[in-house]
Amino acid sequence: MRVSDAGVYRTERGTILRISADAEGRLSVELLDGSAGWVPGPIGMAGLRIAPTTTRLTASQIRALPQ
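Here our numbering runs 187 ahead of the position in the sequence shown, where the first position is 1.
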């Protein structure tokens, strides 16, 4: 995984997902749930980061999200 693939994204439907990779390159996906914060998401959603309708959030947009 390229470092540039890690990050926080918003899908066309408004789902916010955070993609990260560990030192060995294993991906993980977390979804932003309004009441619970970041919760584990299905790994299949990692592919959404390259969808043409998904946008990568900027640093200021990420800071504005609930932690």
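No residue lacks a Cβ here, since even glycine has one placed at the ideal position from N, Cα and C.
Because the structure is a prediction, the values reported are computed rather than measured.
When the options are compared against residue i, the one with the closest alpha-carbon
i	options	result
Gly201	Ser207, Gly221 and Leu214	Gly221
Val216	Arg236, Ala223 and Glu199	Arg236
Pro227	Leu204, Thr240 and Pro239	Leu204
Ala149	Arg197, Thr241 and Ala193	Nothing can be reported for residue 149, as the shown portion of the chain is limited to 188 through 254.
Own chain, CB closer than 7 Å to residue i, minus 5 neighbours either side, in chain order
i	result
Leu214	Met188, Ile206, Ala208, Ile230 and Ala233
Presumed contact (8 Å Cβ cut-off) between residue i and residue j, rounded CB distance
i	j	result
Leu244	Leu219	No, Leu244 and Leu219 are not in contact; Cβ-Cβ is about 10 Å, not under 8 Å.
Neighbour-count burial assignment, residue i, 16 or more Cβ in a 10 Å radius
i	result
Val195	buried
Ile249	exposed
Neighbourhood of residue i by C-beta distance below 8 Å, restricted to the same chain and skipping five residues each side
i	result
Thr242	Tyr196 and Arg197
Glu199	Ala238, Thr240 and Thr241
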